[in-house]
Amino acid sequence: MLRLFDTVHGEVRALRQREEGRLTMYVCGPTVYDLPHLGHGRFTLVWDVARRWFVYRGLQVRFVSNITDIDDNIIARAQRDGVPEAEVCATYEDAWWRAMSAIGVARPDDVPHATAYVDEMVALISSFLERGVAYPTSDGIYFDVSRVADYGLLAGQPLDSLRAGARVEANDEKRSPLDFALWKFNKVNEPFWPAAFGDGRPGWHTECVVMSLGLLGDGFDLHCGGFDLKFPHHENERAQAVAWGRPFAQHWGHNGWVMVGEQKMSKSLGNFTSLTDMLERTDARAYRLLVLRSHYRSPIEVSPTTIADAERGLARLDALARRFDLPALAGDSFVTQADHSFSGAALELATSVSLALDDDLNAPLAVAELFEALSRANALADSGEESEARAVAEAIAVLFAAMGLVLDGASDDIDAAAAALVIARDQARSDKNWAEADRVRDELLTLGWVVEDSSSGTTIRRP
RNA sequence: GGCGGCGUGGCCGAGCGGUUAGGCAGGGGCCUGCAAAGCCCCGUAGUCCGGUUCGACUCCGGACGCCGCCUCCA
0 MLRLFDTVHG
10 EVRALRQREE
20 GRLTMYVCGP
30 TVYDLPHLGH
40 GRFTLVWDVA
50 RRWFVYRGLQ
60 VRFVSNITDI
70 DDNIIARAQR
80 DGVPEAEVCA
90 TYEDAWWRAM
100 SAIGVARPDD
110 VPHATAYVDE
120 MVALISSFLE
130 RGVAYPTSDG
140 IYFDVSRVAD
150 YGLLAGQPLD
160 SLRAGARVEA
170 NDEKRSPLDF
180 ALWKFNKVNE
190 PFWPAAFGDG
200 RPGWHTECVV
210 MSLGLLGDGF
220 DLHCGGFDLK
230 FPHHENERAQ
240 AVAWGRPFAQ
250 HWGHNGWVMV
260 GEQKMSKSLG
270 NFTSLTDMLE
280 RTDARAYRLL
290 VLRSHYRSPI
300 EVSPTTIADA
310 ERGLARLDAL
320 ARRFDLPALA
330 GDSFVTQADH
340 SFSGAALELA
350 TSVSLALDDD
360 LNAPLAVAEL
370 FEALSRANAL
380 ADSGEESEAR
390 AVAEAIAVLF
400 AAMGLVLDGA
410 SDDIDAAAAA
420 LVIARDQARS
430 DKNWAEADRV
440 RDELLTLGWV
450 VEDSSSGTTI
460 RRP
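Written as structure tokens, this is what we have:
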């Protein structure tokens, strides 16, 4: 049984499905006004792993994640760069999908764009105004949080204590500092949509509630995002759903953030590294492995040291794939356990990995077991037990693929010159001409190849 | 001030009331002509102070330290 920590109840509990065998999940996506950073990489990887694992375990998953393409930050960026808002969105949405593709995050089943749902948002806000749940001020329409009895459910504290902690509010027209903008009236030179209550643009919290309920329907199963979205974003989405009279997400999942030194990586602190930059100097799979090696609810340290650490681990996995000539699985497609049957040691491995991941996505434990199995597979092969070894190695590849990590055992393209050197070295070795063999090896190393000998002769590969 | 989380060996990072986490780095060994890759062995950690217990890294209490949310943020 799949179990997952639920933020509302503060405990790991069964992940139920509204409809048996089908899981509906919504993950809050990015606002496209800048390059994605490592934090975006982490949350997308975490929930991509979750999605893939649920699919592996036999669920039919409908995964929805939005693109926020209207927002104050986008307007500010457009004005700064002197280009239309739509161009800012197009540029950074493109960068987003490139990065997602690079880190192997599968495309959501649906990618709603906020601007395509403005009519629905306007209708919802009108109904809130009619019922007195929302009220206008000089700059927009606000939601009256006092109208939702259990406001603060996700924050884990009652309205009063939230209000007590609220920082000084610039807008004294708001009835409560916690009231949030459903709609912002446009200023000069700002994009707007027409509305009876005043032209303008929707607030962020309204976008997600309309899109998630619109695509997944009442009482969908799982709503995810970073911990920092818990409050106020998710709280406010939920408040609107309550006021709307529609059952909302049944289970809430939140992931931990990326730390830089002792601080959270964030836009406001400016201490972020863009995912795009990192991918230029790192195998994207190393970042996935790094993410998998800590629990999704814990903060992760991303530094040159931890990335290098993951890269070396990855190198061992790839070496296994080369040794057993394992096929590359996953990537754009999903792996399901129904497509694989294991027995013996491979079955034991699959079982313990499943137990780990079924229990609140304990990927670090699963990875530990897989690395243990990696040593076992090599040891079996070293002692000549080829078929046993192969069975374990294949299971390792399948189980990593179930978490979206593709092992790369492909051989590199070897040019004619290098191929000739390999032949020369094999000749020298069989002649026991060690000086010549070493000279040829040095030459290969100089050309950037890693040289490995085996009983069947010299093999070379790129580092 | 309110709420939540964390403190594990050189580094990263899990589970568990008593039996090995795992990875990286380091040391020793096997294999190898020498390497590389691979395998085996090794350090035997748990912020501090109390308590519960036959026994605590694991439960309870306290102290200290750190991080986060309460404002846009994944």
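Be aware that the first sequence starts at 0, since it is given in numbering that gives the first Met the number 0, and climbs by one per residue.
Heads up, the beta-carbon is just placed ideally off N, CA and C, and yes, glycines get one too.
Going by DSSP, name the residue or residues bridged to residue i.
i: His294; result: Paired residues: none, contrary to the question.
i: Pro201; result: Trp182
i: Gln426; result: In DSSP, Gln426 forms no bridge with anything.
i: Ser453; result: Gly456
i: Phe142; result: Ala133, Phe179
i: Gln59; result: Arg21
i: Phe341; result: Paired residues: none, contrary to the question.
i: Asn235; result: Asn235 pairs with nothing; no bridge assigned.
i: Arg12; result: Leu3
Please say whether residue j and residue i have beta carbons closer to each other than 8 Å?
i: Ala465; j: Arg424; result: Residue 465 lies beyond the stretch modelled for the chain, which goes from 0 to 462, so this question has no answer here.
i: Ile73; j: Gly28; result: no
i: Arg50; j: Val60; result: yes
i: Phe184; j: Asp118; result: no
i: Trp256; j: Gly225; result: yes
i: Val391; j: His339; result: no
i: Leu44; j: Ile102; result: yes
i: Leu181; j: Tyr141; result: yes
i: Ala133; j: Asp68; result: no
i: Ala362; j: Val82; result: no
i: Ile469; j: Ala416; result: For residue 469 there is no data in the structure shown, the boundaries of the chain being 0 and 462.
i: Lys229; j: Ala154; result: yes
State the start and end residues of the unbroken beta strand (DSSP E) segment that holds residue i.
i: Ala165; result: Neither: Ala165 is in no beta strand (DSSP E) and is coded neither H nor E.
i: Tyr25; result: 21 to 26
i: Tyr134; result: 133 to 135
i: Gly258; result: According to the sequence provided, residue 258 is Met. The question's Gly does not apply to it. Taken as a continuous stretch (DSSP letters only), the beta strand (DSSP E) holding Met258 covers 257 to 259.
i: Trp95; result: Segment 84 to 101 is the alpha helix (DSSP H) holding Trp95; no beta strand (DSSP E) there.
i: Asn254; result: 250 to 254
For residue i, tell me which candidate among the options has the shortest Cα-Cα distance.
i: Phe247; options: Thr23, Leu369, Gly9; result: Thr23
i: Ser273; options: Arg12, Arg237, Gly40; result: Gly40
i: Phe370; options: Ala318, Asp324, Ala416; result: Ala318
i: Phe53; options: Val26, Leu14, Glu84; result: Leu14
i: Ser265; options: Ala401, His222, Gly38, Cys207; result: Gly38
i: Arg17; options: Phe4, Leu221, Ala344; result: Leu221
i: Glu19; options: Gly57, Phe42, Val26, Ala89; result: Gly57
i: Pro190; options: His8, Gln78, Val450, Asp358; result: Gln78
i: Asp70; options: Gly216, Gly252, Asp149, Arg200; result: Arg200
So, under 8 Å CB-CB, residue i and residue j are touching, yes? Tell me the CB distance rounded to an integer number of Å.
i: Leu420; j: Leu443; result: 5 Å
i: Ala283; j: Val405; result: Between Val405 and Ala283 the Cβ distance is about 10 Å, and since that is not below 8 Å, they are no contact.
i: Trp192; j: Val121; result: 7 Å
i: Ala240; j: Leu212; result: 7 Å
i: Ile306; j: Ala285; result: 6 Å
i: Arg292; j: Ala309; result: 7 Å
i: Ser64; j: Val110; result: 6 Å
Identify the continuous alpha helix (DSSP H) that holds residue i and give its terminal residues.
i: Val391; result: 385 to 401
i: Thr67; result: Looking at the DSSP string, Thr67 is not in any alpha helix (DSSP H), and its letter there is neither H nor E.
i: Asn377; result: 362 to 381
i: Asn278; result: Per the sequence shown, the amino acid found at residue 278 is Leu instead of Asn. Here the alpha helix (DSSP H) through Leu278 covers 274 to 280.
i: Leu228; result: Premise fails: Leu228 is in no alpha helix (DSSP H) and is neither H nor E.
i: Ala436; result: 433 to 445
Hey, is residue i close to the ligand NAP, as in C-beta under 7 Å from one of its heavy atoms?
i: Pro298; result: Annotation note on the ligand NAP: not contained in the displayed structure, which lists no ligands.
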